[in-house]
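Asks: If you're matching positions, the sequence shown starts at 144 in the numbering used here and goes up one per residue. Positions of the beta carbon are idealized from the N, C-alpha and C atoms, including for glycine. Handing you this structure, nothing more for now.
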Amino acid sequence: MANSKYRILLVDDDKALLRLLSMRMTAAGYEVTAVTSGEEALAHLPLLRPHLIVTDLQMDGMDGMTLFNQVHSRNPTLPVLMLTAHGTIPEAIEATSRGVFSYLTKPFNSKVLEENIARALKITGEPTTGDEEGASDAWREGIITRSPLMENLLTQARLIADSDTSVLIQGQSGTGKELLARAIHNASQRSDAAFVALNCSAIPESLFESELFGHKKGAFTGATRDHPGMFRAAEGGTLFLDEIGDMPLVFQVKLLRALQEREIRPVGSTESIPVDVRIISATHQDLEQALADNTFREDLYYRLNVVNLELPSLAQRREDITLLANHFLHSFPDAAKRGVTGFSSEAQEAMLYAAWPGNVRQLYNVVEQSVALSTTPLIPASLVQRALRSEFGDIPSFVEARGQFERDYLTQLLQITNGNVAQAARIAKRNRTEFYKLLNKHQLSPPQFKAMRS
Ligand SMILES: Nc1ncnc2c1ncn2[C@@H]1O[C@H](COP(=O)(O)OP(=O)(O)OP(=O)(O)O)[C@@H](O)[C@H]1O
Ligand SMILES: [Mg+2]
Numbered sequence: 144m145a146n147s148k149y150r151i152l153l154v155d156d157d158k159a160l161l162r163l164l165s166m167r168m169t170a171a172g173y174e175v176t177a178v179t180s181g182e183e184a185l186a187h188l189p190l191l192r193p194h195l196i197v198t199d200l201q202m203d204g205m206d207g208m209t210l211f212n213q214v215h216s217r218n219p220t221l222p223v224l225m226l227t228a229h230g231t232i233p234e235a236i237e238a239t240s241r242g243v244f245s246y247l248t249k250p251f252n253s254k255v256l257e258e259n260i261a262r263a264l265k266i267t268g269e270p271t272t273g274d275e276e277g278a279s280d281a282w283r284e285g286i287i288t289r290s291p292l293m294e295n296l297l298t299q300a301r302l303i304a305d306s307d308t309s310v311l312i313q314g315q316s317g318t319g320k321e322l323l324a325r326a327i328h329n330a331s332q333r334s335d336a337a338f339v340a341l342n343c344s345a346i347p348e349s350l351f352e353s354e355l356f357g358h359k360k361g362a363f364t365g366a367t368r369d370h371p372g373m374f375r376a377a378e379g380g381t382l383f384l385d386e387i388g389d390m391p392l393v394f395q396v397k398l399l400r401a402l403q404e405r406e407i408r409p410v411g412s413t414e415s416i417p418v419d420v421r422i423i424s425a426t427h428q429d430l431e432q433a434l435a436d437n438t439f440r441e442d443l444y445y446r447l448n449v450v451n452l453e454l455p456s457l458a459q460r461r462e463d464i465t466l467l468a469n470h471f472l473h474s475f476p477d478a479a480k481r482g483v484t485g486f487s488s489e490a491q492e493a494m495l496y497a498a499w500p501g502n503v504r505q506l507y508n509v510v511e512q513s514v515a516l517s518t519t520p521l522i523p524a525s526l527v528q529r530a531l532r533s534e535f536g537d538i539p540s541f542v543e544a545r546g547q548f549e550r551d552y553l554t555q556l557l558q559i560t561n562g563n564v565a566q567a568a569r570i571a572k573r574n575r576t577e578f579y580k581l582l583n584k585h586q587l588s589p590p591q592f593k594a595m596r597s
């Protein structure tokens with residue numbers, strides 16, 4: 144568990160305690176840098192690049208919370224462990240709701256300290272040497288997470304970034320598919336060339352070929368000049384095909400050929416042009432289902448899906464909710480201007496337990512709306528709840544709505560017919576077997592309705 148390569152920055156203005164803690168942590172196998180003030184800690188940060196900060200809450204000069212805020216705005220994923228005296232527990236609890244990893248009340252025994260350190264370090268991932276870390280962090284800038292699931296995914300993404308293999312990113316809408324695609328591009332050797340994104344659901348079927356492969360002047364009515372197309376725009380770089388599940392079948396076969404032969408032929412041209420493009424595609428659809436339905440070509444699927452990365456939904460990484468919410472809040476200039484500094488603990492709880500069908504994008508919208516409407520420094524739960532409702536809450540999904548309708552309809556029929564299935568089925572113009580199936584699906588039992596009348 145303890146690893147000599149993990150670097151810990153220790154901050155406390157009590158020199159005796161600082162020495163004691165430093166000794167214990169060093170003995171536990173960590174590389175410890177001990178400083179006596181928040182200011183000093185900040186100065187050490189860029190060079191040291193610690194995996195964890197352990198800081199006292201109450202200090203002369205910059206206190207632990209101010210230090211945390213400063214650290215957090217530069218590096219939102221760096222865990223901070225807070226040490227507190229007895230009287231400051233409420234502040235410490237408040238601190239954890241703002242993203243401080245955990246707090247320890249003095250006096251604590253070294254075992255508890257070590258457990259907390261180990262837990263915090265788990266989320267920062269494997270220790271690396273300072274050099275590697277500095278070089279490899281820029282590519283994932285903007286992806287805010289402390290979720291082990293996400294860290295795992297990012298590690299995979301980093302590993303395959305440099306190769307030219309095709310990547311298929313799957314995940315619900317708003318989970319960050321495009322963000323990840325861009326990160327892979329940034330981490331690749333192609334990062335100096337273009338990242339070109341194309342949303343397949345936004346192009347009419349007839350325009351796919353000319354949008355992607357380009358066209359010659361005069362190739363069709365309206366083609367008043369040569370158009371290079373997306374493939375050539377992405378030459379040497381990455382072409383991101385978003386919502387690939389919406390690509391029309393007729394074009395799928397043409398794309399496959401272009402990928403196999405590494406050349407494209409612009410519409411109206413007789414010559415093929417070689418292209419060097421890395422393909423990353425994404426979809427929120429179940430492509431395997433699309434294969435079964437024959438709406439997506441199997442050969443193209445295997446060509447695109449050499450590496451498959453699946454983004455977890457926000458509900459699968461709830462540890463990211465508070466982190467992301469605070470990150471978004473501080474990213475709105477409006478928040479600072481109007482003195483909105485954070486979320487009340489009830490508001491945080493509301494976010495923590497929400498369903499988030501729209502994932503990170505929905506969270507962003509909820510935070511934006513809450514900030515805009517808040518009249519207090521801490522956003523109240525009521526605003527968050529309202530924003531949550533106005534986003535998705537009131538509208539059920541199609542499947543839910545249909546289920547609801549079926550249930551109501553069947554209940555009505557059974558009430559009218561006093562639980563007589565033969566009669567109810569006749570009115571619904573369904574045969575009895577089918578009708579029984581429907582009743583079973585909704586767990587409605589006809590005798591129940593007979594009893595209701597008597
Ligand atoms: N981990 C994250 N950290 C910070 N911002 C994020 C994160 N994940 C997503 N976002 C932000 O959330 C929004 C949605 O992300 P993105 O567009 O990449 O999602 P998507 O999966 O492509 O969604 P859709 O399926 O709706 O197109 C963007 O504004 C993006 O910057
Ligand atoms: Mg997208």
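(1) What separation, rounded to the nearest whole angstrom, lies between the Cα atoms of E543 and T220?
(2) Between which two residues does the alpha helix (DSSP H) harbouring M168 extend?
(3) Are L188 and L164 close, meaning C-beta to C-beta below 9 angstroms?
(4) Among the residues of its own chain, which have a CB less than 8 angstroms from the CB of E276, if the five just before and after it don't count?
(5) Sort out for me which residues DSSP pairs S424 with in a bridge.
(6) Tell me F486's beta-bridge partners as DSSP assigns them.
(7) Okay, do the stretch 402-413 and the stretch 347-360 touch, 3+ Cβ pairs below 8 angstroms being the bar?
(8) Could you tell me which uninterrupted alpha helix (DSSP H) segments, each at least 4 residues in length, are contained entirely in the stretch 283-351, listed from first to last along the chain?
(9) I need the DSSP call for N574, collapsed to helix, strand or coil.
(10) Do T318 and ligand 1 come close, with the Cβ less than 8 angstroms from some heavy atom?
(11) Apart from the five residues just before and just after A568, which ones in its own chain have a Cβ nearer than 7 angstroms to its Cβ?
(12) Thinking C-beta only, is L322 closer than 9 angstroms to G380?
(13) Under the criterion of a Cβ to heavy atom distance below 8 angstroms, does E321 qualify as lining ligand 2?
(14) Which of the three DSSP states, helix, strand or coil, is assigned to L516?
(15) Determine, using beta carbons only, whether G207 and A186 come nearer to each other than 9 angstroms.
(16) Considering E549, what are the terminal residues of the alpha helix (DSSP H) in which it resides?
(17) Taking L256 as the reference, which of D203, L587, A170 and D280 has the closest Cα?
(18) Which runs of the beta strand (DSSP E) spanning at least 3 residues fall entirely within the stretch 174-241, listed in chain order?
(19) With 16 other CB atoms within 10 Å as the buried threshold, where does P520 fall?
(20) Would you mind reading off the limits of the alpha helix (DSSP H) that contains R150?
(21) Got a sec? Which residues, its chain only, sit under 7 angstroms from E183 by beta carbon, not counting five neighbours each side?
(22) Would S180 pass as a contact of M166 if the rule is Cβ separation under 9 angstroms?
(23) Look at the Cβ atom of F383, then the Cβ atom of A433, and state whether they are nearer than 9 angstroms.
(24) Spell out the partners DSSP gives L402 in its beta bridges.
(25) If I measure Cβ to Cβ from N448 and keep anything under 6 angstroms in the same chain, skipping five residues before and after, which residues do I get?
(26) Within this structure, are the beta carbons of I260 and T248 separated by less than 9 angstroms?
(27) Can you list, in chain order, the residues of its chain with a C-beta nearer than 8 angstroms to that of F374? Leave out the 5 residues immediately preceding and following it.
(28) Would you check if there are 3 or more beta carbon pairs closer than 8 angstroms linking the stretch 299-309 to the stretch 488-499?
(29) So does the stretch 463-471 actually touch the stretch 506-517, counting three or more Cβ pairs closer than 8 angstroms?
(30) Name the two residues that bound the continuous alpha helix (DSSP H) containing E257.
(31) To test your reading of the DSSP string, which unbroken beta strand (DSSP E) runs of 3 or more residues are found completely within the stretch 439-484?
Replies: In short, the structure shows the following:
(1) 37 angstroms
(2) K158 to A170
(3) no
(4) Interpretation of E276 is limited by its pLDDT of 44, a score under 50 that renders its predicted location unreliable; the figure taken from the coordinates is listed afterwards. Closer than 8 angstroms at Cβ, skipping near neighbours: R192.
(5) L311 and L384
(6) I522
(7) yes
(8) 291-304 and 320-330
(9) coil
(10) yes
(11) N574, R575 and F578
(12) no
(13) yes
(14) helix
(15) no
(16) F541 to I559
(17) A170
(18) 174-178, 195-199 and 223-227
(19) exposed
(20) Not the alpha helix (DSSP H): R150 falls in the beta strand (DSSP E), residues R150 to V154.
(21) none
(22) no
(23) no
(24) DSSP output for L402 lists no bridge partner at all.
(25) L311
(26) no
(27) L355, F356, G357, L382, A401, I407, V418 and V420
(28) no
(29) yes
(30) S253 to K265
(31) 450-453
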